[in-house]
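For the record, in the sequence shown the residue sitting at position 334 is 334 according to full-length UniProt numbering, with numbers rising by one throughout. For every residue, glycine included, the Cβ atom is placed at its ideal position computed from N, Cα and C. Structure record follows, encoded as structure tokens.
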Amino acid sequence: MSTTRSYTEPGSSSSSSSSSSSSTTLIKPDTTLPNENTSLLPKASDGSTTTRRQFFPPVTRVLFTTLLLSLTFALTQTTLIYAFRVMTCNDYYETHTWNGEGHGGDRCSIGPIESRTAKEIAIMSTTTTTSTIANLFLSGWFIKHYGVKAAMFQQTFWAALRSLCQMYALNIGGKTGIQIIQVTQLFNVLGSAGGTQIASNVFISMLVTAEERTKMFGVLSGILMLGSSLGYTLGGLAYTFFGLLAPFQCAFALLCFCTVFGAFFLPYLEPEGKQSSGSPGGEKEKQSFLAPLKIFIPKKVEINGRIKRDYNLFFLGVGAFVSVLATGYVALALQLVGTDVFGFTPGESGMMLSGNLLVKSFFLSICFPRIITYGRRFVSHRQDVPTEAFDGEHPEDASEAEEPDQAGAPREDQARQPTDILHGSTFDLYFLRWSIFADGLLTGLITLSTKGWHLYLAAGIIPFASATGSACKGVTLDFVEPDQRSDALGAIALIEKVAQVSTISLFSTIFAALSEQGKPTLVFMANGAIAMLGFVFLLFVKMPKSNPEDARIGLSA
Numbered sequence: 001m002s003t004t005r006s007y008t009e010p011g012s013s014s015s016s017s018s019s020s021s022s023s024t025t026l027i028k029p030d031t032t033l034p035n036e037n038t039s040l041l042p043k044a045s046d047g048s049t050t051t052r053r054q055f056f057p058p059v060t061r062v063l064f065t066t067l068l069l070s071l072t073f074a075l076t077q078t079t080l081i082y083a084f085r086v087m088t089c090n091d092y093y094e095t096h097t098w099n100g101e102g103h104g105g106d107r108c109s110i111g112p113i114e115s116r117t118a119k120e121i122a123i124m125s126t127t128t129t130t131s132t133i134a135n136l137f138l139s140g141w142f143i144k145h146y147g148v149k150a151a152m153f154q155q156t157f158w159a160a161l162r163s164l165c166q167m168y169a170l171n172i173g174g175k176t177g178i179q180i181i182q183v184t185q186l187f188n189v190l191g192s193a194g195g196t197q198i199a200s201n202v203f204i205s206m207l208v209t210a211e212e213r214t215k216m217f218g219v220l221s222g223i224l225m226l227g228s229s230l231g232y233t234l235g236g237l238a239y240t241f242f243g244l245l246a247p248f249q250c251a252f253a254l255l256c257f258c259t260v261f262g263a264f265f266l267p268y269l270e271p272e273g274k275q276s277s278g279s280p281g282g283e284k285e286k287q288s289f290l291a292p293l294k295i296f297i298p299k300k301v302e303i304n305g306r307i308k309r310d311y312n313l314f315f316l317g318v319g320a321f322v323s324v325l326a327t328g329y330v331a332l333a334l335q336l337v338g339t340d341v342f343g344f345t346p347g348e349s350g351m352m353l354s355g356n357l358l359v360k361s362f363f364l365s366i367c368f369p370r371i372i373t374y375g376r377r378f379v380s381h382r383q384d385v386p387t388e389a390f391d392g393e394h395p396e397d398a399s400e401a402e403e404p405d406q407a408g409a410p411r412e413d414q415a416r417q418p419t420d421i422l423h424g425s426t427f428d429l430y431f432l433r434w435s436i437f438a439d440g441l442l443t444g445l446i447t448l449s450t451k452g453w454h455l456y457l458a459a460g461i462i463p464f465a466s467a468t469g470s471a472c473k474g475v476t477l478d479f480v481e482p483d484q485r486s487d488a489l490g491a492i493a494l495i496e497k498v499a500q501v502s503t504i505s506l507f508s509t510i511f512a513a514l515s516e517q518g519k520p521t522l523v524f525m526a527n528g529a530i531a532m533l534g535f536v537f538l539l540f541v542k543m544p545k546s547n548p549e550d551a552r553i554g555l556s557a
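This is the structure we're talking about:
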């Protein structure tokens, strides 16, 4: 549409010499007259034509699916632990006779049964964790080959099959039922909560603009927290009112619904592997099953004509690992300290954790996006960015800047957006650093708790420094190519999962040692010190230079 792209400024030579009807002079940008070249449908920001705002847009569909899935995976968590206790107890009394022992007349509340239950749960947890880590690799590979929609679809299918097997195992009960549940945790290799979260993050990264990515990662994390909080509550209610099988039946029904909903209503996005297969070495990278591990390896890059090693992604990965290592044990520590020091009952601990999740959901979904928006506007000063900043990495943005909007005004004459397209995550990086710092400071202050309500207060305040994971994802995607997004998100998920396993082992030992000394609250001081270490690592991360011509040219590692 050449007519819509040409404008004659008042005072120019062409404005006085053109008087025929075939030439149109636009005196004011907002006085657009329709002609044969005028689009019948208004243009959206991505260049497509739309007639009205969609009632249920693709991003909302992804968030809705994520909410249901996080709720579903949490439905059976507490009930499954209780089911293991019941099945172990029944199996024990097949060869033993109850002699009236047990706390409060509970025949299952004896040492041998509790010990065997803990061992069986440990076997199940080990299988689940190992399978989920394998699923993180498989999910990234599946997304690159078959697309994120197919990845989400197959994740929910296998999870539904696992729930069906768990219901069968509960009906059998005893040692056999326990073994069936332990074996069926291998289904997590093909479908797990970790895999669905990677798929959701990839959906968000591809559906929203680069400027909205970090904020939407925060919203997605808030949705996950909300779903988990609802799942724990609804799962307990289902067990209380309808019996042991009810949470598993609800989970199976919801997983079947999510599978059908995902197949028909989630948007199809072209696999990233197809997009990169045309580039040199793209086919080789496409076939790499362990590609996510390569994202954080320092690579040689050319900057201003000099070959250097780029450690930005390496330090981002280390910062993400240390952040989860520092904070991943806090929720469990709050429960243990509340029980051992302040005499919390299970109901009180549950209320504290449920409140913690709800506050996290509120902060990530409502507060975090607004902090990113206003922070970027304050830091970036978008109106001062020269037009050349649109060249290079985002050529499509440069062409769009010259196009008029629906009212006919050239976009270059309109107010600039609040962030630089190339470096919109500058504030995100600042936020990431100081969020970890604040998290470490607040966590360390819990050591000073002397009353039970102090833990409730801490559980309500700590979530306001809990957006480090979302900010880390947004910053990381600024350092990778579009076809590496699923690898980057998969790598971050893998780092977080390994950190979660590590923090349980590390701080369980620390907590046990401090408890023997009669100072269990000092575990929060140790958590805070590790978080400060993550803050130090992130100080070494620098955003890319403004000139994209001097940007990275990847060389061999």
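Between I436 and A326, the C-beta spacing is below 9 Å. DSSP places H96 in the coil class of the three-state scheme, outside both helix and strand. Straight-line spacing of the CA atoms in S200 and E516 works out to 43 Å. Per DSSP, the continuous alpha helix (DSSP H) segment holding N201 begins and ends at A193 to L207. With respect to the C-alpha of L364, the residue from S221, P58, V260 and L477 having the closest C-alpha is S221.
Annotated as distal: L224 and S466, with beta-carbon spacing of 9 Å or more. Scanning D487, N312, L237 and L80 for the CA closest to the CA of T117 turns up L80. CA-to-CA, the gap between F314 and A320 works out to about 10 Å.
Between the alpha carbons of L234 and A210 lies a distance of about 36 Å. With a beta-carbon spacing of about 5 Å, S323 and T468 fall inside the 8 Å limit used to define contacts. Taking all protein chains in view, the Cβ of W98 is surrounded by fewer than 16 other Cβ atoms within 10 Å, so the residue is classified as exposed. Rounded to whole angstroms, Y311 and T78 show a C-alpha spacing of 42 Å. Judged by beta-carbon spacing, C367 lies within the 9 Å limit of F464, meaning their Cβ atoms are closer than that value.
Taking the Cα positions, A499 is about 29 Å away from G236. Under the criterion of beta carbons closer than 8 Å, Y268 and G147 qualify as touching, at roughly 7 Å. Assignment of Y268 by DSSP, reduced to helix, strand and coil, places it in the coil class. In the three-state DSSP reduction, G490 falls in the helix class (H, G or I).
The beta carbon of Y430 sits closer than 8 Å to the beta carbons of G375 and V379 from its chain, once the five residues preceding and following it are set aside; these are given in chain order. The C-beta distance from G490 to G140 rounds to 3 Å, short enough to meet the 8 Å contact threshold. Leaving aside the five residues that flank F344 on each side, the residues in its chain whose CB is nearer than 6 Å to its CB run, in chain order, G338. P271 counts as buried, since at least 16 other C-beta atoms from the protein chains shown sit within 10 angstroms of its C-beta. Sixteen is the threshold: when 16 or more other Cβ atoms of the shown chains lie within 10 Å of the Cβ of Y92, as they do, the residue is buried. Within 10 angstroms of the beta-carbon of A471 lie 16 or more other beta-carbons, which makes it buried. DSSP, read as helix, strand or coil, puts V341 in coil. When the beta-carbon positions are compared, E94 and G177 stay at least 9 Å from each other. Between A169 and I181 the beta-carbon gap is near 5 Å, inside 8 Å, which marks them as a contact.
Between the C-alpha atoms of T88 and I113 there is a straight-line separation of about 7 Å. C-alpha of I143 to C-alpha of A150: approximately 7 Å in a straight line. One thing to note: K451 has its Cβ within 9 Å of the Cβ of F342.
With a cutoff of 9 Å on beta-carbon distance, F73 and T196 are scored as near each other. In terms of CA proximity to R162, L254 leads the group L254, G328, S228 and G305. Taken through DSSP and simplified to helix, strand or coil, C108 comes out as coil.
For the options T65, Q185 and R377, the alpha carbon positioned closest to that of A122 is the one of Q185. Residue nearest to V330 within the set I461, G231 and T259 is I461 (criterion: CA-CA distance).
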